[in-house]
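First to last, the sequence lines map onto chains A and B.
Heads up, the first sequence is in our numbering, so the first residue is 6 and it goes up one at a time.
Heads up, the second sequence is in our numbering, so the first residue is 4 and it goes up one at a time.
Before any comments, here is the structure.
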Amino acid sequence: MTLFLRRTLPLLLTFLFGVAFAVQYYIPHPVSEGALTEISIWLRIILGFAMILGIASLCQVHYAKIRTRVAGWGYSLVVYFSMLITVAVGLWARGQETGTGLGWIYTYTLLALQGTMFSILGFFVASAAFRAFRARSKEATVLLVAAILMMFGRVPLGEYLVPAAGPLAGWLLNVLNLAARRGIIIGISLGGIATSIKIIFGIERSYLGGRE
Amino acid sequence: MATSVLIGAWVAAGLTLFMFSFLYKDNPFFRFGEHLYVGVSMGYTIVRIHYDVMMKSLYGPVAQEGKWWLLVPALLGLLVLTRFIPKVSWLSRISFAVIVGFGSGVAIPRIISSNILQQVQGTLKPLLNAGSSRFGMAELNALLILTGVLTVLVYFFFSIEHKGAIKIAARIGVYFLMVYFGAAFGYTVMARMSLVIGRFDDLILFASRDYAYASVVLLILVTLGLLLWERGSTGLTTGGQRRTQTPPA
Numbered sequence: 006m007t008l009f010l011r012r013t014l015p016l017l018l019t020f021l022f023g024v025a026f027a028v029q030y031y032i033p034h035p036v037s038e039g040a041l042t043e044i045s046i047w048l049r050i051i052l053g054f055a056m057i058l059g060i061a062s063l064c065q066v067h068y069a070k071i072r073t074r075v076a077g078w079g080y081s082l083v084v085y086f087s088m089l090i091t092v093a094v095g096l097w098a099r100g101q102e103t104g105t106g107l108g109w110i111y112t113y114t115l116l117a118l119q120g121t122m123f124s125i126l127g128f129f130v131a132s133a134a135f136r137a138f139r140a141r142s143k144e145a146t147v148l149l150v151a152a153i154l155m156m157f158g159r160v161p162l163g164e165y166l167v168p169a170a171g172p173l174a175g176w177l178l179n180v181l182n183l184a185a186r187r188g189i190i191i192g193i194s195l196g197g198i199a200t201s202i203k204i205i206f207g208i209e210r211s212y213l214g215g216r217e
Numbered sequence: 004m005a006t007s008v009l010i011g012a013w014v015a016a017g018l019t020l021f022m023f024s025f026l027y028k029d030n031p032f033f034r035f036g037e038h039l040y041v042g043v044s045m046g047y048t049i050v051r052i053h054y055d056v057m058m059k060s061l062y063g064p065v066a067q068e069g070k071w072w073l074l075v076p077a078l079l080g081l082l083v084l085t086r087f088i089p090k091v092s093w094l095s096r097i098s099f100a101v102i103v104g105f106g107s108g109v110a111i112p113r114i115i116s117s118n119i120l121q122q123v124q125g126t127l128k129p130l131l132n133a134g135s136s137r138f139g140m141a142e143l144n145a146l147l148i149l150t151g152v153l154t155v156l157v158y159f160f161f162s163i164e165h166k167g168a169i170k171i172a173a174r175i176g177v178y179f180l181m182v183y184f185g186a187a188f189g190y191t192v193m194a195r196m197s198l199v200i201g202r203f204d205d206l207i208l209f210a211s212r213d214y215a216y217a218s219v220v221l222l223i224l225v226t227l228g229l230l231l232w233e234r235g236s237t238g239l240t241t242g243g244q245r246r247t248q249t250p251p252a
């Protein structure tokens, strides 16, 4: 019985849900479409709980840092305080963002931090490229030229200095880049379908975790 | 100007400068901003889950509309949380089975339709339409796209040995891939640069008189803070007090 609950039941559920919703696509009936909508809501609810799992896991990590007083444990306190303050303000605002404290936190804290955090990566990507993009081989030269053309042709200054840069970048994007992208998409899709079939038929079980 | 906007401008300018201070080196200002980002993001996510998922999709429909069957996904969601209790953590498999099974089932027909058939159609249709007119730029482009798609697929096809004609085709595919990677890189850099411009745009705005010169004052304060921190930390021995400089995730 335990083995059934631990291994067979999850595999059976995967098979049933997998086959049902693969077939659902080919049944254009209101009942079938309603089922898809309903299960999508189910999934949103389950994923909501899964997010709690992730947040709780992060809290555990920071709690351990505070408890053991490791170097920089004060920053973990910043995590806790900022999280609690945001939750308190969010509950006070009843989740509304327009003209509330939650909206203020979102606009002046979260957006500013997020925008800057990701913009910093621009500097690191550029500096890493400076070291990595040396035209040592024909392939690397092609990559370098494509990258430079893309950057040059997509800004007004580039088009102003070299009028052909814009159309050339457009051609590169819409023809050569598109061809490779389609090849990659088709390749990934074939792999995705194969993996999905393996999961549905219980050949691929790594998502269950554990050894049983 | 409302006080909340003025305070907001000072906070946003300060946090932006804290984060940009990482360009000098890893420092306490950046680490504070980094951890604040994690905390606020978590808090915001909790609030959104509570109102958008728990209240709107679960509590409301169950309590007000009598959709009691939504208690099933709630139960499945609770089973996910059993990961914290090692003895019964296997129960979470049931929830993951539903998520993975549904995801796999939904993916197969949609991938076939949108990622394979439509891509093949988009590749072949321009060539089939080309017969009516003489060979021009559009036809050349269509031919180049077909060549690119086929050679890239040949490059990723490892079931046969890459030699002879296959090797040549795979080599051509590599060049198409290099163009793709180069273009993707260029696009990524430009996207990041637009974010940099956005942040600088805000900093310049907040440096105006309307915002009490927030950016200028805070820039001086952060610079002074960094100088003090640098002077204070020069005497530190190498005891693992500082992190090595790595780009933020």
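We put the beta carbon where it would ideally sit given N, CA and C, even for glycine.
Note that the structure is a prediction, hence the values are computed from the model and not measured.
9 angstroms Cβ cutoff, residue i in contact with chain A
i: B/V177; result: yes
i: B/T126; result: yes
i: B/W93; result: yes
i: B/R234; result: no
i: B/G11; result: yes
i: B/L147; result: yes
i: B/F138; result: no
i: B/R212; result: no
i: B/Q67; result: no
Exposure label - residue i; buried when at least 16 CB within 10 Å
i: B/V75; result: exposed
i: B/I10; result: exposed
i: B/H38; result: buried
i: A/M156; result: buried
i: A/H34; result: exposed
i: B/M4; result: exposed
i: A/Y3; result: Residue coverage of chain A in this structure runs from 6 to 217, which leaves residue 3 of chain A outside it and unanswerable.
i: B/W71; result: exposed
i: A/Y165; result: exposed
i: A/P15; result: buried
i: B/L143; result: exposed
i: B/S162; result: exposed
i: A/Y68; result: exposed
i: B/V192; result: buried
Within-9 angstroms CB hit, residue i to chain B
i: A/P35; result: no
i: A/A169; result: no
i: A/A69; result: no
i: A/R141; result: no
i: A/Y212; result: yes
i: A/R99; result: yes
i: A/V24; result: yes
i: A/F128; result: yes
i: A/T200; result: yes
i: A/F86; result: yes
i: A/L58; result: yes
i: A/I110; result: yes
i: A/I125; result: yes
i: A/E144; result: yes
i: A/I136; result: Residue identity check: residue 136 of chain A is Arg in the sequence provided, not Ile. No, its Cβ sits nowhere closer than 9 angstroms to a Cβ of chain B.
i: A/I208; result: no
i: A/T73; result: no
i: A/G39; result: no
i: A/Y80; result: yes
i: A/T103; result: no
Enclosing alpha helix (DSSP H) for residue i [first to last residue]
i: A/H67; result: 35-73
i: B/P31; result: 31-51
i: A/Q101; result: Unbroken run through A/Q101: none, as it is neither H nor E.
i: A/T19; result: 14-29
i: A/P2; result: There is simply no residue 2 of chain A to check, as chain A begins at 6 and stops at 217 in what is shown.
i: A/L89; result: 78-97
i: A/V150; result: 143-158
i: A/Y165; result: 161-166
i: A/I125; result: 116-137
i: B/G11; result: 6-23
i: A/N182; result: 182-205
Within chain E, the residues that residue i reaches when beta carbons sit closer than 8 angstroms
i: A/T114; result: As a matter of chain content, chain E is missing from the structure shown, whose protein chains are A and B.
Sequence-distant residues of the same chain with beta carbon closer than 7 angstroms to residue i, five excluded per side
i: B/G36; result: L18, F21, M22
i: A/L10; result: none
i: A/A199; result: none
i: A/A98; result: T105, G106, L107
i: B/T126; result: I148, L149, V152
i: A/L8; result: none
Contacts around residue i, its chain only, beta-carbon distance under 8 angstroms, and the 5 residues preceding and following it disregarded
i: A/F206; result: F20
i: A/F86; result: none
Every unbroken alpha helix (DSSP H) within the stretch 60-123 of chain B, with a cutoff of 4 residues, ordered by chain: 63-66, 74-83, 95-113
Alpha helix (DSSP H) segments (min. 4 residues) lying fully within the stretch 198-244 of chain B: 217-236
Length at least 4, wholly inside the stretch 139-173 of chain B: the alpha helix (DSSP H) runs in chain order: 140-158
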